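**Student:** The structure under discussion is supplied below as structure tokens; questions concerning it will follow.
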């Protein structure tokens with residue numbers, strides 16, 4: 001009699017296990033929240049021994065740091081793609097990036113909480129903070145284009161963009177929090193981002209004696 005062959009366990013090539021563990025941990029965080037996450041959970045989900053993750057990660061916090069870093073890569077892709085659909089220097093591009101940011105946060109609330117918690121200053125290396133800086137850098141470069149297009153290129157871009165950043169991040173934080181009175185319709189939220197962004201640039205231009213920004217149909 002021929003013995004039934006056991007199903008082969010997944011075999012990871014060099015470098016694949018680290019990615020598999022990050023993906024498994026991301027799913028677990030989304031389902032169980034960060035507080036309920038353990039390295040053993042990630043190992044089990046990836047189909048490896050409980051000791052295997054420690055070949056790539058020092059401890060639980062290190063694995064979560066890399067989960068957050070991967071989240072920032074996804075956020076960079078989402079916002080970068082949204083902004084690239086509009087001409088450089090257009091306010092529409094900034095609005096699209098802000099809306100993509102909010103949509104990503106709304107679709108990944110637990111991951112978003114982890115991402116911003118993981119970027120607090122630490123004594124050691126922080127993969128999430130590095131990826132977060134890259135993500136914000138994409139927005140800053142786009143913001144510089146808009147400043148130039150509106151005759152405001154003498155402004156320091158990080159300081160000038162802070163109010164818009166606070167608005168978008170605040171919207172996202174409220175949306176995934178307990179703000180029950182915040183509009184839940186995505187188009188309505190996008191319209192609010194559009195209105196606030198145009199009002200901000202109109203204010204900056206008014207300070208220089210320049211005319212207001214032209215009104216555009218809000219992004220859906």
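Numbering (UniProt numbering), first residue to last: 1 to 220. Virtual Cβ for every residue (Gly too), placed ideally from N, Cα, C. In this text the structure is predicted, and so the values were computed from the model without any measurement.
What is the DSSP secondary structure of residue 4, reduced to helix, strand or coil?
**Tutor:** Position 4 of the chain shown, counting from 1, holds the residue named residue 4. Its pLDDT being 47, under 50, residue 4 is placed unreliably by the model, and the measurement read from it follows with that caveat. Looking at residue 4 - three-state DSSP - the assignment turns out to be coil, as it is neither helix nor strand.
**Student:** Starting from the C-beta of residue 140, find all residues in its chain whose C-beta is less than 7 angstroms away, skip the five residues before and the five after it, and write them out in chain order.
**Tutor:** As a working note, residue 140 is residue 140 in the chain shown. Hits under 7 angstroms: 157, 158 and 161.
**Student:** Hey, how far is the Cα of residue 18 from the Cα of residue 113?
**Tutor:** Counted from its first residue, the chain shown places residue 18 at position 18. Counted from its first residue, the chain shown places residue 113 at position 113. Their Cα atoms are separated by approximately 22 angstroms.
**Student:** Could you work out which residue in 41, 117, 90 and 194 is closest to residue 150 when comparing CA atoms only?
**Tutor:** As a first step, residue 150 must be located in the chain shown, where it is residue number 150. Of 41, 117, 90 and 194, the residue nearest in Cα terms is 90.
**Student:** Find out if the Cβ-Cβ distance for the pair residue 106, residue 79 is shorter than 8 angstroms.
**Tutor:** Mapped onto the chain shown, residue 106 falls at position 106. Mapped onto the chain shown, residue 79 falls at position 79. Not a contact, by the Cβ cut-off of 8 angstroms.
**Student:** For the alpha helix (DSSP H) holding residue 134, just list the boundary residues, first then last.
**Tutor:** Here residue 134 refers to the residue found at position 134 when the chain shown is read from its first residue. Note, residue 134: alpha helix (DSSP H), 127–149.
**Student:** Could you check what DSSP says for residue 193 in three-state terms: helix, strand or coil?
**Tutor:** Position 193 of the chain shown, counted from the first residue, corresponds to residue 193. Looking at residue 193 - three-state DSSP - the assignment turns out to be helix.
**Student:** Kindly indicate the opening and closing residues of the alpha helix (DSSP H) around residue 84.
**Tutor:** For the purposes of this step, residue 84 is taken as the residue at position 84 of the chain shown. It spans 60–84 - the alpha helix (DSSP H) in which residue 84 sits, taken as one unbroken run.
**Student:** Going by the beta-carbon positions, is the gap between residue 93 and residue 197 smaller than 8 angstroms?
**Tutor:** Here the question's residue 93 lines up with position 93 in the chain shown. Here the question's residue 197 lines up with position 197 in the chain shown. No.
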